[in-house]
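If you're matching positions, the sequence shown starts at 296 in my numbering and goes up one per residue. Heads up: the structure comes next, in structure tokens.
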Amino acid sequence: MPPITPEELLAKYSDMAYALALRLTGNATEAEDLAEEALIKAVRGLDGFRGDCETGVWLYRIVMNCWKSQLRSPRLFFWKKMKGFVEGEAGELIDPADPAPGPAQQIEANSRREAFEKALSSLEPADRAIVVLRELDGRSYSDIADVLSIPEGTVRSRLSRARGRLRTILRGLMEEK
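Now the structure itself:
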């Protein structure tokens with residue numbers, strides 16, 4: 296018997312799967328599709344889940360694998376190419392609101408968030424995945440290594456390089472303004 300039932304899996308991890316998918320895709324519609332695909336695969340694969348790792352880590356791995364598969368699809372390749380020409384609907388990362396931010400503060404916060412989202416989306420998929428898992432989801436190096444099926448040392452070095460690329464991109468975006 297699996298360590299978790301399908302109902303428990305969906306109740307406990309649906310929001311987490313969607314949040315990760317949204318951070319990876321940057322698009323609410325794509326994120327819904329990705330999360331749904333991953334959750335379906337997880338429910339179907341529950342009998343094969345031996346509980347070698349935390350259920351959340353296992354589901355993260357499924358979401359990441361589904362995302363990687365989508366990146367290889369011709370449809371998504373076309374969408375990514377077109378996204379540079381036409382800004383589509385993008386899901387927003389929700390920040391805790393300041394009790395009473397003024398209009399100037401809201402504009403500045405929105406500008407920073409948009410620059411970060413643009414910089415994040417311009418990273419290579421492998422770099423974006425590591426940054427999302429560590430910086431946005433707060434996953435440990437060990438969890439990230441499990442999710443991506445790479446050694447922990449590789450996680451640390453890739454994360455360092457990805458952070459450097461992200462800083463460079465953000466500097467360029469901020470200089471444009």
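By construction, the Cβ of each residue, glycine as well, lies at the ideal position given by its N, Cα and C atoms. Just so we're clear, the structure is a prediction, and the values are computed from it rather than from any experiment.
1) Quick check on DSSP: helix, strand or coil for residue 346?
2) Residue 320 by DSSP, collapsed to three states: which one?
3) I need the straight-line Cα distance from residue 464 to residue 363, nearest angstrom please.
4) Does residue 298 pass the burial test, meaning 16 or more other C-beta atoms within 10 Å, or should it be called exposed?
5) Mind reading off the beta-carbon distance from residue 313 to residue 330? Whole number of angstroms is fine, and I expect it under 8 Å.
6) In whole angstroms, what separates the C-alpha of residue 466 from that of residue 334?
7) According to DSSP, is residue 462 part of a helix, a strand, or is it coil?
8) Which residue's Cα is closest to the Cα of residue 332: 441, 305 and 413?
9) Quick one: grab the DSSP three-state call for residue 300.
10) Is the CB-CB distance between residue 419 and residue 321 below 9 Å?
11) Alpha carbon to alpha carbon, how far is residue 416 from residue 358? Give it in angstroms, no decimals.
12) Tell me which residue opens and which closes the alpha helix (DSSP H) that residue 425 is part of.
Considering the structure as presented:
1) For the purposes of this step, residue 346 is identified with residue 51 of the sequence shown, where counting begins at 1. Here residue 346 sits in coil by DSSP.
2) As a first step, residue 320 is located in the sequence shown; it is residue number 25 there, counting from the start. The answer is helix: DSSP assigns residue 320 an H, G or I state.
3) Mapped onto the sequence shown, residue 464 falls at position 169. Mapped onto the sequence shown, residue 363 falls at position 68. Roughly 23 Å separates the two Cα atoms.
4) Indexing the sequence shown from 1 puts residue 298 at position 3. Residue 298 is exposed by the Cβ-count criterion.
5) Counting from 1 along the sequence shown, the entry for residue 313 is found at position 18. Counting from 1 along the sequence shown, the entry for residue 330 is found at position 35. Their Cβ separation, rounded to whole angstroms, is 4 Å, which keeps residue 313 and residue 330 in contact under 8 Å.
6) Position 171 of the sequence shown, counting from 1, holds the residue named residue 466. Position 39 of the sequence shown, counting from 1, holds the residue named residue 334. Near 37 Å, if we compare the C-alpha coordinates of residue 334 and residue 466.
7) Indexing the sequence shown from 1 puts residue 462 at position 167. Residue state, collapsed to three classes: helix.
8) Within the sequence shown, residue 332 is the residue found at index 37, counting from 1. Measuring from the Cα of residue 332, the nearest candidate turns out to be 305.
9) Counting from 1 along the sequence shown, the entry for residue 300 is found at position 5. Looking at residue 300 - three-state DSSP - the assignment turns out to be coil, as it is neither helix nor strand.
10) Against the sequence shown, residue 419 aligns to sequence position 124. Against the sequence shown, residue 321 aligns to sequence position 26. Result no, Cβ atoms of residue 419 and residue 321 do not sit closer than 9 Å.
11) As a first step, residue 358 must be located in the sequence shown, where it is residue number 63. As a first step, residue 416 must be located in the sequence shown, where it is residue number 121. Straight-line spacing of the CA atoms in residue 358 and residue 416 works out to 17 Å.
12) For the purposes of this step, residue 425 is taken as the residue at position 130 of the sequence shown. Per DSSP, residue 425 belongs to the alpha helix (DSSP H) from 420-426.
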